[in-house]
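Worksheet: one structure, shown below.
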Amino acid sequence: HIRVREGEKGRIKDIRFFGNKKFSVDDLRDVIETKAESWLSFIDDSGIYKKDILKLDVFRLEGYYQDNGYLRVQIQEPKINIDNKNKKINISISIEEGLQYRVGKITTNPDDTVSGDDILKALKIRERDVYSLSEVRQGVMNIGDIYSERGYAFADINPVTKINDESRTVDINIETDRGRKIYVGEINVIGNTRTLDNVIRREFRLKEGDLFDSVKLRRSKQRINNLQFFEDVKIDTRRGREPDLIDITTAVTERATGSVNVGAGFSSTENLIFNAGISQNNFLGTGRRVVFSTNLSSRRTDFNLSLTDPRLFDSEMSGGVDAFNRKTNFYSYMARNTGAGFRLGKSFSEHDWMGVNYNFANNKITDVVTSTSYLKNETRVTSRITPSFIRDTR
1 HIRVREGEKG RIKDIRFFGN KKFSVDDLRD VIETKAESWL SFIDDSGIYK
51 KDILKLDVFR LEGYYQDNGY LRVQIQEPKI NIDNKNKKIN ISISIEEGLQ
101 YRVGKITTNP DDTVSGDDIL KALKIRERDV YSLSEVRQGV MNIGDIYSER
151 GYAFADINPV TKINDESRTV DINIETDRGR KIYVGEINVI GNTRTLDNVI
201 RREFRLKEGD LFDSVKLRRS KQRINNLQFF EDVKIDTRRG REPDLIDITT
251 AVTERATGSV NVGAGFSSTE NLIFNAGISQ NNFLGTGRRV VFSTNLSSRR
301 TDFNLSLTDP RLFDSEMSGG VDAFNRKTNF YSYMARNTGA GFRLGKSFSE
351 HDWMGVNYNF ANNKITDVVT STSYLKNETR VTSRITPSFI RDTR
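For the sequence shown, the residue numbers in the UniProt record's numbering are 1 to 394.
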C-alpha cells in the first residue's frame with residue numbers, strides 16, 4: 001500500500017522583479033497570470049503556486065517587452081524560494097531588457113490584386129514607431145484578409161525583418177504570394193437536430209461556386225448567431241476536391257427557443273384571474289415565430305395570437321399576422337374588441353429593414369345600462385397604418 005499525504009497548497013507571498021528599468025513592478029505583475037496571495041485569495045483561489053502557469057508567464061513577459069520594442073529581452077528562469085516555516089513561496093524573476101528598437105524602412109512587393117498603399121494601410125505600423133511584434137502579426141493578418149476578400153484564400157504573407165543594432169531599427173519587407181483564386185466548393189451544415197437546413201443556409205452571404213470572400217464568411221457566421229437559435233456556431237474551412245475549391249462546414253449546437261408561462265391572481269373586482277402564454281421563436285425548425293397569450297377572469301376574456309415569418313419563401317421579405325379577441329364586462333356595459341393586423345417588411349441592406357403594419361379593430365359596446373347617459377349601444381371600426389424602420393448593427 002502507498003499512502004500519500006498531500007499537505008497544504010503552496011501559497012505565494014511575493015513576486016519580485018530584478019533588472020526592470022523601463023517598466024515598473026506593478027506593470028509586470030499585471031502582465032503575468034501568477035499572483036501573490038491577497039485577502040481575496042480564499043474566494044478566487046489566487047496566490048497558489050502553479051509551475052505550468054509560471055512557465056507561460058515567462059513567455060507573456062517576453063511578448064510584453066517585444067511589443068514595446070525590446071526585441072532582445074531575456075527573461076531568466078524564475079527562482080523559487082520556499083519558506084518552510086511559514087509555508088510561503090517567494091518568486092524572483094530577473095530581466096535583461098536590452099535596447100529598444102523602432103521601425104526602420106517598410107517595403108512591399110505589391111501586385112495587381114492589392115496595391116502597396118493598401119498593404120501599408122493594413123499593416124498600420126509606421127516608420128519610427130516603436131517596434132511591436134503583435135502589431136506586425138496583426139498587420140499580416142489584415143493583409144491576408146484583403147487577399148482573402150478578393151478570392152485568394154491561401155495567400156502567403158511573410159514579413160521579413162532585418163535588425164540594425166547601430167540605428168536600433170528594424171526594417172520590414174512584406175513579401176506576398178497571392179497564389180491562385182479560390183472558389184466556394186461544398187457548404188455543409190451539421191448539428192442542426194431541429195432547425196431546417198434552409199433556415200441556416202439562407203443566412204449565408206456566400207453560395208457554392210462563388211469566389212471565396214472571408215469578410216462574407218464572417219458575416220454569415222454573425223447572421224446565424226443573430227438568429228439566437230443556437231448556443232454555439234462554428235465555421236471551418238478546408239481545401240475541396242479541386243485545388244481551387246474550399247469547402248465550408250458549419251457546426252451548430254441547438255438551444256431552447258420556446259417558453260411557457262402560467263400565472264394566477266385574485267382581484268376584488270374580477271375575483272380569480274388566470275393568465276398563460278406560450279411562445280416559440282423557431283416553430284417546427286422553420287425559423288417562424290408563434291406567440292399566444294390569454295387572460296381570463298369572471299369579467300374579462302382576452303386572447304392574442306401572433307405569427308411571424310422573418311424570411312418569406314427564403315427571401316429578404318418578412319411578414320406576419322396578428323389577431324386578438326377581448327371581452328370585458330364592466331358594471332354598466334359590455335365591451336367587445338376583435339381585430340387583426342398584417343405586417344410586411346423588407347431588408348434593404350445588411351443592417352437596414354423597413355416595414356409597414358396595417359391594423360383594424362371592431363369595437364362593440366352592448367348591454368348599456370339605461371342610466372348611463374354618456375354611453376350607448378354602438379359599433380365602431382378603426383384602422384391604422386404604421387410604417388417602421390429598424391437598423392440592426394449586429
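Backbone N, C-alpha and C fix where the C-beta goes; we use that ideal spot for every residue, glycine too.
As the structure is a computational prediction, the values presented were derived from the model and not from experiment.
Minimum C-alpha distance to residue i - residue among the options
i: residue 198; options: 224, 182, 214; result: 224
i: residue 156; options: 98, 181, 132; result: 181
i: residue 136; options: 52, 333, 63, 356; result: 63
i: residue 79; options: 71, 348, 58; result: 58
i: residue 130; options: 142, 101, 51; result: 101
i: residue 352; options: 377, 366, 391, 382; result: 391
i: residue 347; options: 311, 297, 281, 307; result: 311
i: residue 260; options: 293, 192, 189; result: 293
Contact under 8 Å by Cβ, residue i with residue j
i: residue 146; j: residue 159; result: no
i: residue 139; j: residue 125; result: yes
i: residue 185; j: residue 240; result: yes
i: residue 11; j: residue 88; result: yes
i: residue 279; j: residue 262; result: no
i: residue 344; j: residue 323; result: no
i: residue 13; j: residue 84; result: no
i: residue 194; j: residue 254; result: yes
i: residue 183; j: residue 244; result: yes
i: residue 150; j: residue 108; result: no
i: residue 286; j: residue 327; result: no
i: residue 177; j: residue 134; result: no
i: residue 384; j: residue 359; result: yes
i: residue 75; j: residue 61; result: yes
i: residue 281; j: residue 258; result: yes
i: residue 73; j: residue 97; result: yes
i: residue 355; j: residue 318; result: yes
i: residue 341; j: residue 362; result: no
i: residue 203; j: residue 220; result: yes
Run of the alpha helix (DSSP H) containing residue i, from where it starts to where it stops
i: residue 61; result: 51-66
i: residue 29; result: 25-31
i: residue 320; result: Where residue 320 is concerned, there is no enclosing alpha helix (DSSP H), although the beta strand (DSSP E) it sits in stretches over 317-329.
i: residue 82; result: Not the alpha helix (DSSP H): residue 82 falls in the beta strand (DSSP E), residues 79-83.
i: residue 147; result: 133-149
i: residue 199; result: 197-201
i: residue 121; result: 116-123
Span of the beta strand (DSSP E) around residue i
i: residue 339; result: 334-347
i: residue 280; result: 271-283
i: residue 361; result: 352-366
i: residue 89; result: 88-96
i: residue 226; result: Element bounds for residue 226: not the beta strand (DSSP E) but the alpha helix (DSSP H), 214-226.
i: residue 103; result: 102-108
Residue burial classification, residue i (beta-carbon count within 10 angstroms, cutoff 16)
i: residue 28; result: buried
i: residue 120; result: buried
i: residue 127; result: exposed
i: residue 117; result: exposed
i: residue 4; result: Below a pLDDT of 50, predicted positions are generally treated as unreliable, and residue 4, at 49, falls in that range; no measurement from the model is reported.
i: residue 256; result: exposed
i: residue 144; result: buried
i: residue 389; result: exposed
i: residue 272; result: exposed
i: residue 386; result: exposed
i: residue 374; result: exposed
i: residue 233; result: buried
i: residue 19; result: exposed
i: residue 54; result: buried
i: residue 32; result: buried
Cross-strand partners of residue i (DSSP beta bridge)
i: residue 267; result: 271
i: residue 251; result: 190, 234
i: residue 157; result: 176
i: residue 387; result: 356
i: residue 162; result: 171
i: residue 15; result: 91
i: residue 304; result: 293, 324
i: residue 48; result: 11
i: residue 379; result: 364
i: residue 76; result: Partner(s): none; residue 76 has no beta bridge.
i: residue 20; result: Paired residues: none, contrary to the question.
i: residue 246; result: 184, 239
i: residue 309; result: 319
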